[in-house]
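S.K.: Line by line, the protein sequences are chains A and B. Going by our numbering, the first residue of the first sequence is number 190, and it counts up by one from there. Going by our numbering, the first residue of the second sequence is number 190, and it counts up by one from there.
2 protein chains.
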Amino acid sequence: MRGSPTALSFEASLPSLVAQTLGAEVAVELSDLLPTLVSDLEDVDRRLSQVLGSAYAELTESARYACSTGGKRVRPLLMAAAARALGAESTGGIVSLAAAFQLIHTATLVHDDVIDHADTRRGRPSMPRAFGIPLAIVTGDYLFVRAFELAAEYPRSIILRCGESCAALVEGEVLQEASRFDLSVGREHYFRVAERKTSAIIAAALASVAEFGGAAPPVADALATYGRSLGIAFQVRDDLLDVFGETDLLGKPLFNDFREGNPTLVVLEAYARLDPRHQSEFERLFQLRRKRSKHLLRLRELTELSGAAPVVAREAAAWAERSAGALDGLPDGPYRHLLERLAHGAADRRS
Amino acid sequence: MRGSPTALSFEASLPSLVAQTLGAEVAVELSDLLPTLVSDLEDVDRRLSQVLGSAYAELTESARYACSTGGKRVRPLLMAAAARALGAESTGGIVSLAAAFQLIHTATLVHDDVIDHADTRRGRPSMPRAFGIPLAIVTGDYLFVRAFELAAEYPRSIILRCGESCAALVEGEVLQEASRFDLSVGREHYFRVAERKTSAIIAAALASVAEFGGAAPPVADALATYGRSLGIAFQVRDDLLDVFGETDLLGKPLFNDFREGNPTLVVLEAYARLDPRHQSEFERLFQLRRKRSKHLLRLRELTELSGAAPVVAREAAAWAERSAGALDGLPDGPYRHLLERLAHGAADRRS
Chain A
190 MRGSPTALSF EASLPSLVAQ TLGAEVAVEL SDLLPTLVSD LEDVDRRLSQ
240 VLGSAYAELT ESARYACSTG GKRVRPLLMA AAARALGAES TGGIVSLAAA
290 FQLIHTATLV HDDVIDHADT RRGRPSMPRA FGIPLAIVTG DYLFVRAFEL
340 AAEYPRSIIL RCGESCAALV EGEVLQEASR FDLSVGREHY FRVAERKTSA
390 IIAAALASVA EFGGAAPPVA DALATYGRSL GIAFQVRDDL LDVFGETDLL
440 GKPLFNDFRE GNPTLVVLEA YARLDPRHQS EFERLFQLRR KRSKHLLRLR
490 ELTELSGAAP VVAREAAAWA ERSAGALDGL PDGPYRHLLE RLAHGAADRR
540 S
Chain B
190 MRGSPTALSF EASLPSLVAQ TLGAEVAVEL SDLLPTLVSD LEDVDRRLSQ
240 VLGSAYAELT ESARYACSTG GKRVRPLLMA AAARALGAES TGGIVSLAAA
290 FQLIHTATLV HDDVIDHADT RRGRPSMPRA FGIPLAIVTG DYLFVRAFEL
340 AAEYPRSIIL RCGESCAALV EGEVLQEASR FDLSVGREHY FRVAERKTSA
390 IIAAALASVA EFGGAAPPVA DALATYGRSL GIAFQVRDDL LDVFGETDLL
440 GKPLFNDFRE GNPTLVVLEA YARLDPRHQS EFERLFQLRR KRSKHLLRLR
490 ELTELSGAAP VVAREAAAWA ERSAGALDGL PDGPYRHLLE RLAHGAADRR
540 S
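(1) State the CB to CB distance for the pair A/L339 and A/A288, rounded to an integer number of angstroms; the pair is presumed to be in contact (CB under 8 Å).
(2) Once DSSP output is grouped into helix, strand and coil, what is the label at A/T492?
(3) Give me the DSSP bridge partner(s) of B/T309.
(4) If the cut-off is 7 Å on Cβ atoms, which residues from the region 359 to 373 of chain A count as contacting chain B, listed in chain order?
(5) Helix, strand or coil for B/L206? Go by DSSP, reduced to three states.
(6) Please decide whether A/G303 counts as near chain B, where near means a Cβ-Cβ distance under 8 Å.
(7) Run down chain A in chain order and give the residues with a C-beta less than 7 Å from the C-beta of B/A355.
(8) Whole angstroms are fine: how far does the CA of A/D308 sit from the CA of A/P314?
(9) Who are the neighbours of A/S243 on chain B, taking C-beta pairs under 7 Å?
(10) Ignore the nearest five residues each way along the sequence and tell me which others in A/I283's own chain have a CB closer than 7 Å to its CB.
(11) With 8 Å set as the bound, which would you pick, yes or no: does the beta-carbon of B/D330 sit closer than that to a beta-carbon of chain A?
(12) Enumerated in chain order, which unbroken segments of the alpha helix (DSSP H) with a length of 4 residues or greater are wholly contained in the region 339 to 382 of chain B?
(13) Output, in chain order, the set of chain B residues within a Cβ distance shorter than 7 Å of A/R448.
(14) Could you check how far apart the C-beta atoms of A/L372 and A/Y460 are, in whole angstroms? I think they sit under 8 Å.
(15) Tell me whether the beta-carbon of A/V327 lies closer than 8 Å to the beta-carbon of B/V359.
(16) Tell me the rounded alpha-carbon separation between B/E490 and B/G434.
(17) Does the beta-carbon of A/G276 have 16 or more other beta-carbons within 10 angstroms, so that it is buried, or is it exposed?
(18) Taking the C-alpha atoms as reference points, what is the distance between B/R539 and A/P452?
(19) May I have the straight-line CA-CA distance separating B/R262 from A/A396, to the nearest angstrom?
(20) Along chain B, which residues have their Cβ under 8 Å away from the Cβ of A/L298?
(21) Is B/H300 buried or exposed, if buried means 16 or more other CB atoms sit within 10 Å of its CB?
(22) Which of helix, strand or coil does DSSP assign to A/L222?
(23) Note down, in chain order, every chain A residue with its Cβ under 7 Å from the Cβ of B/F337.
(24) For B/R345, go through chain A and note every residue whose CB falls closer than 7 Å to its CB, in chain order.
(25) Just to confirm the assignment, what range does the alpha helix (DSSP H) spanning A/A515 have?
(26) Give, in chain order, every residue of the region 382 to 400 of chain B whose Cβ lies closer than 9 Å to some Cβ of chain A.
(27) Would the region 381 to 389 of chain B count as touching the region 417 to 437 of chain B if we require 3 or more Cβ pairs under 8 Å?
(28) Give the straight-line distance between the Cα atoms of A/A392 and A/L531, rounded to the nearest whole angstrom.
(29) Could you give the distance in angstroms between the alpha-carbon of A/L248 and the alpha-carbon of B/A505?
(30) To the nearest angstrom, how far is the alpha carbon of A/V207 from that of B/I322?
(31) Near A/H306, which residues of its chain fall below 8 Å by C-beta distance, leaving aside the five closest residues on each side in sequence?
(32) According to a CB-to-CB cut-off of less than 8 Å, which residues of the region 441 to 465 of chain A neighbour chain B?
(33) Mind pulling the beta strand (DSSP E) runs of 3 or more residues that sit fully within the region 391 to 419 of chain B?
(34) Between B/T280 and B/D221, is the Cβ-Cβ spacing less than 8 Å?
(35) Can you tell me which of the three DSSP states B/N445 falls into?
Right, dumping it as structure tokens:
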């Protein structure tokens, strides 16, 4: 027996989340599409709230809390936009699938926060902080399980896309874990991690939407390529915001990657561009297992000094360009245009 | 691309694991069946080794390590015996399903060991001890994901049985977590936890075997009932062994439930049976968040003094009896007989 579905309590309303993801300018430009997209996301949230109901109030509460702090609904938004770009009149058929991918994403955020000892997530206490480590671990498992139950509503090929992308995600985490505090890993390693940790799920989600909608395989491939490149643009930008973003907009403290020793693209590029004296200072500080505020601020100073930031920002933009370009074969129209804008938005967002 | 399948390195050979699970007496009595069952389990292990291959050596290694310390293959053994009891000539069709249930079980053991700070598992360092907490969490996720990919080979109804039993398992963990150090929860609470945490997966695994084999619904129900009662017998015995077992046989230290404050059946019965003076001593010691050796030993002494052990042992035997009785409607034969013996074995095993 499940608890009765009640609304998830978000830190922000869906319309404002969507507007935030699109950026003010695009939100105005494509304002005709907003009510439809918001309604699509509402359907997904209703489904989420429903499947997370457990007979045990505590689990229902922790699972819904995880979902309410679990991101801006970028994946469901991309999926709804893709379905509509391919001509779907309704997104009813992919609601469970979008909920599944959102749950998988959320589950990994919850376990990430346990692993990274994160205290906040989108401006609220992180799961381990709010519910303790045991319940956070178990809730993450619960979200995975419910995700797979939702995915089970779809054909086997889609379930397998979902599963394979989850496995890739876990591989990405392992790869990242193995390279902590290691500045010698190189750019290829970074992209390997990002492709698995971030891109694989987005690519699988979009390809599944295409497949479910009966699109031809090249269309599914184009959307997968779009999703993969967008994922990398998103990740590169994410890493940049972790150094140069505004805490108030991000809803979490800066410098997580410095603190945890993640050799992100901006870290690697900064390190590579510094003169030998600053390079060895950067290395010494980056490799400290416990960094104090002055160390973190100095790492940012050195990153700034290196001139890496604009280079990396251009790289994010190039991935966004590649992403948008992958849509060339799709029918022209407002939703394809929206997808293109979302790709660019991933690369130049501020939160 | 997956790594090439290599053998899992077990702490014991499959024949000896099976013999151990059956108990010496039954192993002799049913020795004709052993080669077949061992061969069935070898198929499952081969499948496990195959699906756990990742492109990343580290993940392959941690996942295979988790499986090699992950229990006595009780679930796959029960599934193989059930399939054969229903007349299957081969268990080839359920190999992936048995591997899936074994992986789910293993995943939860890995996350349990993180939550419980366990140092050893079946005589070897636990996953968090051997690979660190981050990799242990992520490996548990990986095992879940691979389990669902395996389950995806089966009809939707079986996938959903699998998913629902996983959700129940997580609910069991949450219930257990919520009742730590609480001696007032009552027996019903204990059985609610055991039914979710232990029985649900076994019941789902066996019902799935019946369904896959084309058995009539009452047969699937009978096997589910068998599995549910066996699970409780198993859990009650497990809790008893945690207090009175032999470390060398168990491969893990005693007193985990005392340490973690789990109100198991033997704990609740001991507490209920003590005179007021000893009862308050028991309560005080049980509720210590950090117990020293002398506290643990005194708790065992008080448990012994209470006379709860034989009562709880009889209760385990009664559940085994109920379990075996559920098979009355199944065709008579050596494998049904084996299943009955396995139920009794769950209640009187020493490891």
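We treat Cβ as the ideally placed atom computed from N, Cα and C, and that holds for glycine. All of these numbers come straight from a predicted model, not from anything done at the bench.
M.R.: In short, the structure shows the following:
(1) 5 Å
(2) helix
(3) Residue pairing by DSSP puts B/T309 in a beta bridge opposite B/P314.
(4) V359, E360, E362, V363, L364, E366 and A367
(5) helix
(6) The identity of residue 303 of chain A in the sequence shown is Val, whereas the question assumes Gly. Yes, its Cβ sits closer than 8 Å to a Cβ of chain B.
(7) Just to set this straight, residue 355 of chain B is Cys in the shown sequence, not Ala. V334, listed in chain order.
(8) 6 Å
(9) E360
(10) M268, A272, V398 and F401
(11) yes
(12) 345 to 367
(13) For A/R448, none of the residues of chain B pass the 7 Å Cβ criterion, the least Cβ distance being about 14 Å.
(14) Contact holds; Cβ gap of about 5 Å.
(15) yes
(16) It is roughly 14 Å from the alpha-carbon of B/E490 to the alpha-carbon of B/G434.
(17) exposed
(18) 50 Å
(19) 37 Å
(20) Within chain B, no residue comes near A/L298; the closest Cβ sits about 12 Å away, beyond 8 Å.
(21) buried
(22) coil
(23) F337 and G352
(24) A341
(25) Looking at the DSSP string, A/A515 is not in any alpha helix (DSSP H), and its letter there is neither H nor E.
(26) Those residues of the region 382 to 400 of chain B placed with their C-beta closer than 9 Å to a C-beta in chain A do not exist.
(27) yes
(28) 14 Å
(29) Answer to the nearest angstrom: the Cα atoms are 29 Å apart.
(30) 36 Å
(31) P317
(32) none
(33) Scanning the region 391 to 419 of chain B from its first residue to its last, no whole beta strand (DSSP E) run of 3-plus residues comes out.
(34) Against a cut-off of 8 Å, the Cβ pair of B/D221 and B/T280 comes out as no contact.
(35) Look at B/N445 here: in three-state DSSP terms it is helix.
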